[in-house]
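The opening position of the sequence shown corresponds to residue 6 in the working numbering, with each subsequent residue numbered one higher.
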Amino acid sequence: MGIIAFIIIILIASVLQTSTGFGFSILATPFLLLLFKPSEAIQINLILSLVISIALIMKIRKDIDHGILGRFVAGSVMGLPVGITIFMMIDIDRLKLAVSLIILLLTVLLVLNFRIKQNKKRDLLVGGISGLFTTSIGMPGPPLLLYFSGTNTNKEKLRSTTLAFFLFIYLVSLVIQTIFVGTNKTIWISSLWGLPLVLVGLYLGQLLFKWINQRVFRIFTYIILIFTGIYLLLESLV
């Protein structure tokens, strides 16, 4: 059952990541935490997410907003060390509870048509929060997704800019996790088994992306965020 669950998790999360530009960590990490230790689940997620970003970046690089990307990277540099400190000190259930409440609160604001104006200071702040989320729970996506949705960013720009940022943040976070938390054989063997599933997900996700219009894309975004928030909330309370 564990193997079947792993296959389903990685395949669906890969399709989601490829078709929307986010979602692998949002969907995979909570479920991987059921199968692996926290450090193992996070590092498997980081490795496979990095592979997806590398595979897609050349094809979609023309839609990247380099100004926003640079500010995200600069902001994340401040958030990364804070995140790994939190991971090493705080109970994982408390961390999941805090993240779930943040995701649900901000998602409700978006559903209620809350809007935020994009500017340089907010780019830096969002990048910092994303960096914190990456090294603490392996989920950089929610802050970016909520921010881009609130600023009404089109799906091509969202997908390309987030994937380019993920290429940086996943690599740096994996190095930080390995240095400060350590790694093991289970992480790398599981990641190796996940690679073929990621390749299948890349192909299916590219096909799906062509059929998603902006309205469906936004509704899909809300569903993913609400699902993730509720799941993390329940997980933290059990």
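Just so it is clear, CB atoms sit at the ideal spot from N, CA and C, and this is done for glycine as well.
All values derive from a computational prediction rather than experimental measurement.
- Around L129, the same chain offers R76, A79, G80 as residues with beta carbons nearer than 7 Å, after the five sequence neighbours per side are excluded.
- I73 and V82 have their C-alpha atoms some 15 Å from each other.
- Around L111, the same chain offers L151 as residues with beta carbons nearer than 7 Å, after the five sequence neighbours per side are excluded.
- In the DSSP annotation of this structure, K122 is not part of any alpha helix (DSSP H), being labelled neither H nor E.
- In the displayed model, W193 falls within a helix according to three-state DSSP.
- Boundaries cannot be given for K42, as no alpha helix (DSSP H) includes it and DSSP labels it neither H nor E.
- The Cβ-Cβ distance between I57 and S105 does not fall below 8 Å.
- Annotation for M144: no alpha helix (DSSP H) segment contains it, and DSSP assigns it neither H nor E.
- The C-alpha of T188 lies about 25 Å from the C-alpha of Q22.
- For V243, the secondary structure class from DSSP, reduced to helix, strand or coil, is coil.
- Boundaries for K215: no alpha helix (DSSP H) harbours it, and the DSSP string shows neither H nor E there.
- CA-CA distance, I17 to L40, rounds to 16 Å.
- I49 places its beta carbon less than 8 Å from that of S195.
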